[in-house]
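Engineer: Next up is a structure, given as structure tokens.
Numbering (UniProt numbering), first residue to last: 1 to 287.
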């Protein structure tokens, strides 16, 4: 885009009033006072919950990073998590550390249901990738969806029936006021005994103490976690050492630099020409 000057870093800005777009992950305080003519924020990641959308000027648009690899990476991670929970990986890691050679029971995939919360691009990619393994598949989202070969549920009334038969729960929900702390004691209690959690949504969706109680009581068998609040966790947090928890440092998806740049260019071109902007955020919904 040679017609659009690109300035890297605030120290290189000669005329703040000329800046129309910002590409960033978070925003410093007072940014709209310094750059009064901002028209759009281009997030360098797939999420936007790191931004306080309510505090942005009403005329400023926000566009997420939309890349093909995000779905592929999340597909890979969630399949990894589901299979790890299915085959009791936390148990065997804990036994390895203790020098214990002891086998446990093995359940057939067709006798377990994997339930995915969030049926957007990432949720659908996960369900499609899990088909060959033979799991029963289910999905839940706020609005109704139909997916071939998947039992789908929606809304508040559909949540408990969805959870009742879900042996491995995968959370890929966006963070909104309705999904904050959704993974709580009530939700865990609605899962079958021995259920597991694979969480790659957002850290603020998970009640840590509720999960620890569900694991320690034996109601839940394990958890595979990529996101927490805060990140990183304090050094004395029980997730670091709990024998039923696998913890990864928010690596389920990482923006590919080249794809991210092309996504930003597509958003800028669309805005300049008045076309539809990919990944345009609905400010009321928060994603």
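Just so you know, even glycine gets a beta-carbon here, dropped at the ideal spot from N, CA and C.
A quick note: this is a predicted structure, and the numbers were derived from the prediction, not measured.
When burial is assigned at 16 or more other CB atoms within 10 Å of the CB, is residue 253 buried or exposed?
Structural biologist: Classification for residue 253: buried.
Engineer: Given that a residue counts as buried once 16 or more other Cβ atoms are within 10 Å of its Cβ, and exposed if not, what is residue 265?
Structural biologist: When all chains shown are included, residue 265 counts as exposed.
Engineer: Taking just the CA atoms, how far does residue 176 sit from residue 285?
Structural biologist: Computed Cα separation, rounded: 7 Å.
Engineer: Is residue 50 helix, strand or coil when you go by DSSP?
Structural biologist: Residue 50 falls in the coil class under three-state DSSP.
Engineer: Does DSSP put residue 240 in a helix, a strand or coil?
Structural biologist: If DSSP states are grouped into helix, strand and coil, residue 240 belongs with the helices.
Engineer: Provide the residue(s) that pair with residue 21 in DSSP beta bridges, ordered along the chain.
Structural biologist: 40.
Engineer: List the endpoints of the continuous beta strand (DSSP E) containing residue 152.
Structural biologist: It spans 151–154 - the beta strand (DSSP E) in which residue 152 sits, taken as one unbroken run.
Engineer: Among 244, 200, 215, 218, which has the Cα closest to the Cα of residue 228?
Structural biologist: Comparing Cα-Cα distances from residue 228 to each of 244, 200, 215, 218, the minimum goes to 200.
Engineer: Just to check my reading of the structure: residue 134 and residue 142 have Cβ atoms closer than 8 Å, yes? What is that Cβ distance to the nearest angstrom?
Structural biologist: In fact, because the Cβ distance is near 28 Å, the residues do not count as touching under 8 Å.
Engineer: According to the neighbour-count rule (16 or more other Cβ atoms, all chains shown, within 10 Å of its Cβ), is residue 278 buried or exposed?
Structural biologist: Residue 278 should be labelled exposed.
Engineer: Per the DSSP calculation, residue 196 is bridged to which residue(s)?
Structural biologist: According to DSSP, which records beta bridges pairwise, residue 196 is partnered with 168, 222.
Engineer: Taking 6 Å as the line, does the beta carbon of residue 203 fall inside it for any heavy atom of the ligand GTP?
Structural biologist: Looking at this structure, you won't find the ligand GTP or any other ligand, since it has none at all.
Engineer: Would the stretch 244–253 count as touching the stretch 15–32 if we require 3 or more Cβ pairs under 8 Å?
Structural biologist: No, the stretch 244–253 does not touch the stretch 15–32.
Engineer: With 16 other CB atoms within 10 Å as the buried threshold, where does residue 292 fall?
Structural biologist: There is no way to answer for residue 292, as the model of the chain reaches only from 1 to 287.
Engineer: Would residue 79 pass as an interface residue toward chain D - the criterion being a Cβ-Cβ separation below 7 Å?
Structural biologist: Of the protein chains in this structure there is only one, and it is not chain D.
Engineer: Return the Cβ separation of residue 251 and residue 81 in integer angstroms, given the expectation that the two are a contact with Cβ distance under 8 Å.
Structural biologist: About 12 Å; that fails the 8 Å criterion.
Engineer: Ends of the beta strand (DSSP E) at residue 115?
Structural biologist: Segment 113–117, the beta strand (DSSP E) holding residue 115.
Engineer: Can you tell me which residues form a DSSP beta bridge with residue 206?
Structural biologist: Bridge partners of residue 206: 183.
Engineer: Sort 132, 161, 95 by Cα distance to residue 187 and report the nearest one.
Structural biologist: Here the closest residue by C-alpha is 161.
Engineer: Where does residue 214 sit, in a helix, a strand or coil, going by DSSP?
Structural biologist: Three-state result, residue 214: helix.
Engineer: Kindly indicate the opening and closing residues of the alpha helix (DSSP H) around residue 31.
Structural biologist: Where residue 31 is concerned, the enclosing alpha helix (DSSP H) stretches over 31–34.
Engineer: Rounded to whole angstroms, what's the CA-CA distance from residue 65 to residue 91? Just pull it up for me.
Structural biologist: Cα-Cα distance, rounded: 37 Å.
Engineer: Hey, residue 259 and residue 69: beta-carbon distance below 7 Å or not?
Structural biologist: Yes, the pair counts as a contact, with Cβ atoms nearer than the cut-off.
Engineer: Check the DSSP bridge columns for residue 101 and list the partner residues they point to.
Structural biologist: None, per the DSSP bridge assignment.
Engineer: Should residue 179 go down as buried or exposed, given a rule of 16 or more other Cβ atoms within 10 Å for buried?
Structural biologist: So residue 179 ends up on the buried side.
Engineer: What do you reckon, are the CB atoms on residue 57 and residue 35 nearer than 7 Å?
Structural biologist: It is not a contact, given that the beta carbons lie outside the stated cut-off.
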